[in-house]
Amino acid sequence: MRIAVLTLFAGLAGFCLWAAPSRADGEPSGVFDYYVLSLSWSPTWCALEGDARGSPQCDAAADFGWVLHGLWPQYHRGWPAFCPTTARHPSRSMTADMADIMGTSGLAWYQWKKHGVCSGLSAPDYYALARKAYDGITRPPVFRNLTKPVTLPAKLIEEAFLQSNPALEPNMITVTCKQGRIQEARICLSKTLDPVPCGQDTLRDCTLKNALFDPIE
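Residue numbers for the sequence shown, in mature numbering (1 follows the signal peptide of the UniProt record, and there is no 0): -19 to -1, 1 to 198.
Encoded structure:
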């Protein structure tokens, strides 16, 4: 009986080791497989969080649509974060310069602290690469023409990105939802920013058929 119990525990331990996500905080900087370019729909973030914070990103005059949430180093399974680095942290002016595509300088700082330090790049080079990645993806212009909230299948967001970016294939992009709303479009890119297939832990498509999509105010 004791042997059987030990065998069972050994099997469960092996299963847990196999099933656990291979997230590796503290991995050396620059060791990863590809990037995830995360584009956040600003009206969703403002409705769920930003308005309550009084974020300047949510001012009517700001006119934000798809903003750069981040450029995230990724493994084929899991991701690094908060990596040790000898790179100097960005200056306030450097993070402020990213607010035009990231919404706020605070987000730019946090993305460096969590993800940029894992890129193996200096802060200026990381921000330059993030901007290049953002500029390299066409955000479908149709979404800027909305004048009132609509509900739609989340799949339509992905299809619009695929139409606007012929180099993308369905396994290179995923659309996420939060609290019944369209949240983000996440696009997988190589270290040279070419579209590549996403890992299985990245492809988590929202399956809502009536996701709320607010217009840019």
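A virtual CB, placed ideally from N, CA and C, is assigned to each residue, including glycine.
Member of the options whose CA lies at the smallest distance from the CA of residue i
| i | options | result |
| --- | --- | --- |
| P61 | T155, A28, D14 and L88 | D14 |
| L52 | F45, C27, D106 and P24 | D106 |
| Y16 | L29, C39, W26 and H57 | H57 |
| I154 | R162, Q160, G161 and D175 | D175 |
| Q55 | A104, P122 and C99 | C99 |
| A89 | G101, R112, A68 and T67 | R112 |
| T25 | V131, A141 and R69 | V131 |
| K136 | A80, R185 and R125 | R185 |
| N152 | H70, Y108 and Q181 | Q181 |
| A192 | R162, K172, T183 and T173 | R162 |
| residue 206 | A28, R167, L110 and P65 | As shown, the chain starts at -19 and ends at 198. That puts residue 206 outside it, with no answer to give. |
| L110 | P122, P178, I82 and Q160 | I82 |
| L127 | D44, A114 and V156 | D44 |
| A114 | R167, E140, P122 and Q38 | R167 |
| V48 | T183, A80, Y108 and P178 | A80 |
| C179 | E140, L29, C39 and G59 | G59 |
| L189 | T173, T183, Q160 and V177 | Q160 |
Beta-bridge pairing of residue i - partner residues as DSSP gives them
| i | result |
| --- | --- |
| P71 | None; P71 has no bridge partner. |
| A80 | According to DSSP, which records beta bridges pairwise, A80 is partnered with nothing at all. |
| I163 | C158 |
| L193 | T132 and R162 |
| V48 | S21 |
| L170 | Y16 and P176 |
| P65 | Looking at the DSSP assignment, P65 forms no beta bridge with any residue, so it has no partner. |
| Q55 | Y15 |
CB contact below 9 angstroms: residue i versus chain C
| i | result |
| --- | --- |
| D182 | Within the model displayed, chain C is absent; a lone protein chain is all it includes. |
Whole-angstrom C-beta distance between residue j and residue i, which should lie under 8 angstroms
| i | j | result |
| --- | --- | --- |
| C187 | C169 | The Cβ separation is near 16 angstroms, so there is no contact. |
| S23 | G87 | About 15 angstroms; that fails the 8 angstroms criterion. |
| I197 | G46 | 5 angstroms |
| S19 | E165 | 6 angstroms |
| F194 | L133 | 6 angstroms |
| S10 | G101 | 5 angstroms |
| A104 | A68 | 6 angstroms |
| S21 | H50 | 4 angstroms |
| V156 | I138 | 5 angstroms |
request  = Pair every Cβ in the stretch 28 to 41 with every Cβ in the stretch 66 to 78, then say whether three or more of these pairs are closer than 8 angstroms.
outcome  = no
ask   = Where are the beta strand (DSSP E) runs, 3 residues long or more, that stay fully inside the stretch 87 to 157, in chain order?
value = 131 to 133
ask   = Are the stretch 141 to 148 and the stretch 110 to 122 touching, with three or more C-beta to C-beta distances below 8 angstroms?
value = yes
key: Inside the stretch 10 to 45 only - alpha helix (DSSP H) runs reaching at least 4 residues   = 23 to 26
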